[in-house]
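Notes to accompany the following structure.
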Amino acid sequence: MPEQKLINFLMMRRLLTRVINRVLLSEPFSPAMIIEAEIHNQGRRKMVVGLGNPGMEGTRHSVGMTVLGALAVQLGVADRWRGDKYVSGEVILSEVQQTNVVLLRPRLLMNVNGVSVAKAASKYGVKAEDILLVHDELDKPLGKIAIKHGGSARGHNGVRSCVDCLQTDVMPRLRIGIGRPTGKTSVDRHVLGRFTTEEQKVLDSVLVQSVDLLLSQLSQQDSQQDSPPPSSPAGGRQAAQKRNERARSVSPAEDSAAAQS
Numbered sequence: 076m077p078e079q080k081l082i083n084f085l086m087m088r089r090l091l092t093r094v095i096n097r098v099l100l101s102e103p104f105s106p107a108m109i110i111e112a113e114i115h116n117q118g119r120r121k122m123v124v125g126l127g128n129p130g131m132e133g134t135r136h137s138v139g140m141t142v143l144g145a146l147a148v149q150l151g152v153a154d155r156w157r158g159d160k161y162v163s164g165e166v167i168l169s170e171v172q173q174t175n176v177v178l179l180r181p182r183l184l185m186n187v188n189g190v191s192v193a194k195a196a197s198k199y200g201v202k203a204e205d206i207l208l209v210h211d212e213l214d215k216p217l218g219k220i221a222i223k224h225g226g227s228a229r230g231h232n233g234v235r236s237c238v239d240c241l242q243t244d245v246m247p248r249l250r251i252g253i254g255r256p257t258g259k260t261s262v263d264r265h266v267l268g269r270f271t272t273e274e275q276k277v278l279d280s281v282l283v284q285s286v287d288l289l290l291s292q293l294s295q296q297d298s299q300q301d302s303p304p305p306s307s308p309a310g311g312r313q314a315a316q317k318r319n320e321r322a323r324s325v326s327p328a329e330d331s332a333a334a335q336s
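Position in the sequence shown counted from 1, then plus 75, gives you the numbering used here.
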């Protein structure tokens with residue numbers, strides 16, 4: 076049956092992606108990298124990752140990269156991106172309210188972004204619960220953003236790769252709504268397409284609100300009450316899903332409004 080063939084194809088693709096993740100993660104960590112990690116690993120660190128596809132910046136699927144770029148501009152470090160071959164990405168080391176922050180822009184395809192995230196976490200000494208993933212969200216309309224505290228990848232291949240490579244699902248995520256396609260437009264064409272002129276006006280407001288929310292998250296002081304639970308193996312999703320999501324929406328007519336996801 077066609078449906079069964081589709082299911083088999085998706086299962087095989089997911090299995091193949093996991094194999095690729097494992098192969099890419101097998102690259103050795105050299106002594107020089109360890110020294111560099113120790114130099115930059117003074118105190119607790121946090122990391123913000125803009126998920127996307129390299130060479131496809133500006134598309135809906137790479138809106139996480141756009142938000143990360145806007146954050147770098149706000150922090151005044153947009154000219155400090157540097158390539159890091161070991162993590163297969165571009166990195167900026169910065170500071171927010173005395174918190175050491177790593178900005179990561181993976182240079183791998185979305186489906187294997189997790190390889191870059193896991194390597195950067197290892198190199199720079201960042202715990203999984205301190206990694207904030209920024210990515211597009213089909214199930215939210217353009218103009219809606221939300222913080223999700225761990226749990227299921229909800230069908231997002233980039234997040235699924237991160238869960239697989241980090242072997243935990245506790246990473247908080249900033250989900251940027253891009254809406255679902257209308258008419259006969261396929262999902263693939265929609266997510267890989269660029270924002271229209273009208274959508275760009277909404278996106279400009281989204282970027283401002285997203286950066287404010289990220290800065291708020293990064294500025295939170297560590298405490299027993301506010302800190303997420305210790306990293307747990309992927310599959311501890313039921314507990315993670317019980318944690319509330321905090322959402323914020325923006326639109327050209329209304330800059331922000333509380334939204335419950």
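Glycine included, each C-beta is placed from N, C-alpha and C at the ideal position.
Label residue i either buried or exposed according to how many other C-beta atoms from any shown protein chain fall within 10 Å of its C-beta, with 16 as the threshold for buried.
i: threonine 257; result: exposed
i: serine 105; result: Low per-residue confidence applies at serine 105: pLDDT is 49, beneath 50, and the placement is therefore not dependable, though the value from the model is reported in the following sentence. When all chains shown are included, serine 105 counts as exposed.
i: aspartate 205; result: buried
i: threonine 134; result: buried
i: proline 308; result: The pLDDT assigned to proline 308 is 48, lower than 50, so where the model puts this residue is not dependable, and the model offers no usable value.
i: glutamine 275; result: exposed
i: valine 148; result: exposed
i: lysine 202; result: buried
i: aspartate 211; result: buried
i: lysine 223; result: buried
i: glycine 230; result: exposed
i: glycine 130; result: exposed
i: aspartate 154; result: exposed
i: aspartate 279; result: exposed
i: arginine 180; result: buried
i: arginine 235; result: buried
Report the option in the options whose CA atom is closest to the CA atom of residue i.
i: leucine 241; options: Ile253, Ala228, Leu249 and Ile220; result: Ala228
i: threonine 243; options: His265, Val192, Gln295 and Lys215; result: Val192
i: cysteine 237; options: Leu278, His136, Leu208 and Met131; result: Leu208
i: aspartate 368; options: Leu213, Ala147, Gly200 and Arg155; result: Residue coverage of the chain in this structure runs from 76 to 336, which leaves residue 368 outside it and unanswerable.
i: lysine 215; options: Ile251, Tyr199 and Val190; result: Ile251
i: valine 277; options: Leu249, Val138 and Ile222; result: Val138
i: alanine 221; options: Ser197, Lys198, Arg235 and Pro247; result: Pro247
i: valine 152; options: Lys160, His136 and Val176; result: Val176
i: arginine 119; options: Tyr199, Arg235 and Gln284; result: Tyr199
i: lysine 160; options: Val234, Val190, Leu143 and Leu249; result: Val190
i: leucine 249; options: Phe270, His265 and Lys219; result: Lys219
i: glutamate 170; options: Leu289, Ala196, Leu150 and Val266; result: Leu150
i: valine 187; options: Ala196, Leu143, Ser197 and Asp239; result: Asp239
i: glutamate 132; options: Gly225, Arg269 and Trp156; result: Arg269
Can you name the start and end residues of the beta strand (DSSP E) that residue i belongs to?
i: methionine 122; result: 120-125
i: glycine 158; result: 157-159
i: alanine 153; result: First-last for alanine 153: undefined, no H or E at that position.
i: histidine 231; result: Taken as a continuous stretch (DSSP letters only), histidine 231 belongs to no beta strand (DSSP E), as it is neither H nor E.
i: threonine 272; result: Run containing threonine 272: none in the beta strand (DSSP E); it sits in the alpha helix (DSSP H), 272-294.
i: arginine 250; result: 247-252
i: asparagine 175; result: 174-181
i: leucine 208; result: 206-212
i: leucine 184; result: Element bounds for leucine 184: n/a, residue is neither H nor E.
i: glycine 164; result: 164-171
Would the beta-carbon of residue i be found less than 6 Å away from any heavy atom of the ligand GDP?
i: valine 123; result: No copy of the ligand GDP appears in this structure; indeed no ligand is present at all.
Identify the continuous alpha helix (DSSP H) that holds residue i and give its terminal residues.
i: threonine 134; result: Unbroken run through threonine 134: none, as it is neither H nor E.
i: alanine 221; result: Run containing alanine 221: none in the alpha helix (DSSP H); it sits in the beta strand (DSSP E), 219-224.
i: valine 190; result: 188-199
i: leucine 267; result: 262-267
Just to confirm, is the Cβ distance from residue i to residue j under 7 Å?
i: glycine 125; j: methionine 140; result: yes
i: serine 291; j: glutamine 172; result: no
i: lysine 194; j: valine 245; result: no
i: alanine 145; j: valine 286; result: yes
i: leucine 184; j: asparagine 128; result: yes
i: leucine 217; j: glycine 254; result: yes
i: threonine 174; j: lysine 121; result: yes
i: leucine 178; j: valine 123; result: yes
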